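J.: The numbering of the sequence shown is the numbering used here, which starts it at 106 and goes up by one.
Glycine included, C-beta positions come from ideal geometry on N, C-alpha and C.
In this text the structure is predicted, and so the values were computed from the model without any measurement.
Below: one structure in structure tokens.
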Amino acid sequence: MSQIRALIFDFGGVLMRTMTDAPRREFERRMGLPPGRFDEVAYQSPLWDATQLGQVTYEQFWQDVGRRLGLDLSLEEAGKLGNTFWSGDRLDEELMAFIRRLRERGYRTAMLSNAPSYLCDFVEGLGIAADFDVLVVSGCEGVMKPDPAIYRLTLERLGVAPEEAVFIDDRPENIAAARQVGMPAVRFRGLAPLRRRLRELGIPAPPPARTPRDGIRAVVFDWGGVLEALPDDAQVQEWERQLSLEPGRLSAVLWGEDWERLSLGEIDEAEYAASIAARLGLPDALAGERLMAQVRAAGRLRPEVLAAVRRLRGRCRVALLTNASAEQPARLREQYGVDVA
């Protein structure tokens, strides 16, 4: 019988996720900025950690972002700039319904987030604060993930031991830190994979409530993480051990800036391999290519999802929409015999 008594959820990237970047792109268009510049300045701000630790206010942070974009903003205007940045984010209502069903079964729940102190009020405004027994926000505590102290604080407030709580987050470095504290941890890649992993941990994961919808004419699938299962956390950790990398470093390099450039066609796969080799301290580009071959070989087609795609084709149109290099269609035909053209 499972000893799990509690589940701890991250907020940004798990409960709340960016569903459209249209507001950011529209802001850039109006300001004459290149696409992606708004994200770049915000995410690379030297004040972001200080904001998440409660040392800088939300408005001060966005005032600094505005300054870096050439804007002279009042604190009120800066807050509105931040609201524009996050306006494409949406609460995952299906995940929240899942959390409520877990609570009905007697599990304690917590939210643990690296965020400014205003998040508690924001969560109250969303109407979901009551769905958690404990809310821990870094900006209120003066400590942030992956510091072990904030995990221990959350466990203490929940009244459970590390082995009695599952931690769910989207960032590999936070997952690694939770495991070092002694918690089972699951990297969030969507509700369906989360349910499967929780069942493996002995937690009865209730199925989603299904509501038929009329008028659906097409279904669009992603590839990585949907049709193809990605390498699991244990495999990534083993590669990091072999390469003597700190936890989270491999994923950050493989799926970071260079991956975006590869997916946009700005670099080819040879240039991508050379870049990741340099970032990871590998001997040469060939070593980078060998590493990527190992990563691809660890992926596996999900036959049940492919079967669902084929069944759907008799009822509606289906499409594949994925961030990948131009070489991907040929590779999928060779590796899986699947034609995605």
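(1) Check whether the Cβ atoms of Glu345 and Pro352 sit closer than 8 Å, and answer yes or no.
(2) Comparing alpha-carbon positions, which option in Gln285, Ile273, Ala270 and Pro221 lies nearest Asp252?
(3) Which value, in whole angstroms, describes the spacing of the CA atoms of Arg173 and Arg354?
(4) Excluding the 5 residues flanking Arg210 on each side, which residues of the same chain have their C-beta closer than 8 Å to its C-beta?
(5) Is Ser150 helix, strand or coil when you go by DSSP?
(6) With a Cβ-Cβ cutoff of 8 Å, do Leu240 and Met216 count as a contact?
(7) Evaluate Met136 with the Cβ neighbour count: other Cβ atoms within 10 Å of its Cβ, from every protein chain shown; 16 or more gives buried, anything less gives exposed.
(8) Which one or two residues does DSSP pair with Ser52 in a beta bridge?
(9) Going by the C-beta, is Tyr441 closer than 7 Å to any heavy atom of the ligand ZN?
(10) In this structure, does DSSP put Ala266 in helix, strand or coil?
(11) Enumerate, from N- to C-terminal direction, the unbroken beta strand (DSSP E) stretches of 3 or more residues contained entirely within the segment 134–216.
(12) Taking the alpha-carbon of Leu158 as reference, which of Ser243, Glu376, Ile204 and Ala382 has the nearest alpha-carbon?
(13) Are there 16 or more other CB atoms within 10 angstroms of the CB of Ala220, so buried, or fewer, so exposed?
(14) Short check: CB of Arg110 to CB of Tyr212, under 8 Å?
(15) Which one or two residues does DSSP pair with Glu305 in a beta bridge?
(16) Return helix, strand or coil for Val248, following the three-state DSSP convention.
(17) Exposed or buried, Tyr148, counting other C-beta atoms within 10 Å across all chains shown (16 or more means buried)?
(18) According to DSSP, is Glu333 part of a helix, a strand, or is it coil?
(19) Can you name the residues that DSSP bridges to Glu123?
(20) So is Ala431 buried or exposed if we call it buried at 16+ other beta carbons inside 10 Å?
(21) Please report how far the alpha carbon of Ala297 lies from the alpha carbon of Phe272, in whole angstroms.
(22) Which residues in the same chain have their Cβ closer than 7 Å to the Cβ of Leu417, if we skip the five residues on either side of it in sequence?
(23) Do you know whose CA, among Arg206, Pro408, Asp338 and Trp364, lies nearest Asn428's CA?
(24) Kindly indicate which three-state DSSP category Arg422 falls into: helix, strand or coil?
(25) Could you round the C-beta distance between Ala334 and Gly404 to whole angstroms and report it? I think they count as a contact, below 8 Å.
(26) Once DSSP output is grouped into helix, strand and coil, what is the label at Ile255?
(27) Determine which residues share a DSSP beta bridge with Leu348 and list them.
(28) Three-state secondary structure (DSSP) at Gly232?
(29) Where do the N-terminal and C-terminal ends of the alpha helix (DSSP H) with Ile381 fall, by residue?
(30) Got a sec? Which residues, its chain only, sit under 7 Å from Thr123 by beta carbon, not counting five neighbours each side?
T.: According to the structure shown:
(1) In the sequence shown, residue 345 corresponds to position 240, counting from 1. In the sequence shown, residue 352 corresponds to position 247, counting from 1. If you check the CB distance, Glu345 and Pro352 come in under 8 Å.
(2) Locating residue 252 in the sequence shown gives position 147, counting from the first residue. Shortest Cα-Cα distance from Asp252 to any of Gln285, Ile273, Ala270 and Pro221 involves Gln285.
(3) Counting from one through the sequence shown, the residue named residue 173 turns up at place 68. Counting from one through the sequence shown, the residue named residue 354 turns up at place 249. If you take the alpha carbons of Arg173 and Arg354, they lie about 28 Å apart.
(4) One-based indexing of the sequence shown puts residue 210 at position 105. Cβ neighbours of Arg210 beyond the five flanking positions: Pro309 and Pro311.
(5) Sequence index remark: in the sequence shown, residue 150 carries index 45 (1-based). For Ser150, the secondary structure class from DSSP, reduced to helix, strand or coil, is coil.
(6) As a position in the sequence shown, residue 240 is number 135, starting the count at 1. As a position in the sequence shown, residue 216 is number 111, starting the count at 1. In contact: Leu240 and Met216 (Cβ atoms closer than 8 Å).
(7) Residue mapping note: residue 136 aligns to position 31 of the sequence shown, counting from 1. Classification for Met136: exposed.
(8) Not covered by the structure: residue 52. The range shown for the chain is 106 to 446.
(9) In terms of ligand content, the structure shown is empty, and the ligand ZN therefore cannot be addressed.
(10) The residue you call residue 266 lines up with position 161 of the sequence shown. It is coil, neither helix nor strand.
(11) Runs of the beta strand (DSSP E) inside the segment 134–216: 194–196.
(12) Taking the first residue of the sequence shown as 1, we reach residue 158 at position 53. The candidate whose alpha carbon is nearest that of Leu158 is Ser243.
(13) In the sequence shown, counting from the first residue as 1, residue 220 sits at position 115. For Ala220, the number of other beta carbons within 10 angstroms of its own is at least 16, and it is reported as buried.
(14) On the sequence shown, residue 110 is found 5 positions in, with the first residue counted as 1. On the sequence shown, residue 212 is found 107 positions in, with the first residue counted as 1. The Cβ-Cβ distance between Arg110 and Tyr212 falls below 8 Å.
(15) Taking the sequence shown and counting its residues from 1, one reaches residue 305 at position 200. According to the DSSP secondary-structure assignment, Glu305 is paired through a beta bridge with no residue.
(16) Locating residue 248 in the sequence shown gives position 143, where the first residue counts as 1. Reduced to three states, the DSSP call for Val248 is coil.
(17) The count along the sequence shown starts at 1 and reaches residue 148 at position 43. Its Cβ having fewer than 16 others within 10 Å, Tyr148 is exposed.
(18) Taking the first residue of the sequence shown as 1, we reach residue 333 at position 228. Assignment of Glu333 by DSSP, reduced to helix, strand and coil, places it in the strand class.
(19) Here residue 123 refers to the residue found at position 18 of the sequence shown. One point to set straight first is that residue 123 is Thr, not Glu, in the sequence displayed. Answer by DSSP bridge pairing, in chain order: Asp194.
(20) As a first step, residue 431 must be located in the sequence shown, where it is residue number 326. So Ala431 ends up on the exposed side.
(21) The residue labelled residue 297 in the question sits at position 192 within the sequence shown. The residue labelled residue 272 in the question sits at position 167 within the sequence shown. So the two alpha carbons sit approximately 16 Å from each other.
(22) As a position in the sequence shown, residue 417 is number 312, starting the count at 1. Cβ within range, chain order: Val324 and Val423.
(23) Numbered from 1 along the sequence shown, position 323 holds the residue referred to as residue 428. Checked all of Arg206, Pro408, Asp338 and Trp364; the closest Cα to Asn428 is Trp364.
(24) Your numbering for residue 422 matches position 317 in the sequence shown. Note: Arg422 maps to strand in three-state DSSP.
(25) Here the question's residue 334 lines up with position 229 in the sequence shown. Here the question's residue 404 lines up with position 299 in the sequence shown. Contact between Ala334 and Gly404 holds, with the beta-carbon distance rounding to 6 Å and staying under 8 Å.
(26) Residue numbering aside, residue 255 sits at position 150 when the sequence shown is read from its first letter. Looking at Ile255 - three-state DSSP - the assignment turns out to be helix.
(27) Along the sequence shown, one-based indexing puts residue 348 at 243. None, per the DSSP bridge assignment.
(28) Taking the sequence shown and counting its residues from 1, the one referred to as residue 232 is at position 127. The answer is coil: DSSP assigns Gly232 none of H, G, I, E or B.
(29) As a position in the sequence shown, residue 381 is number 276, starting the count at 1. Element bounds for Ile381: Glu374 to Leu385.
(30) The residue given as residue 123 occupies position 18 in the sequence shown. Excluding sequence neighbours, Thr123 sits near Gly193 and Asp194.
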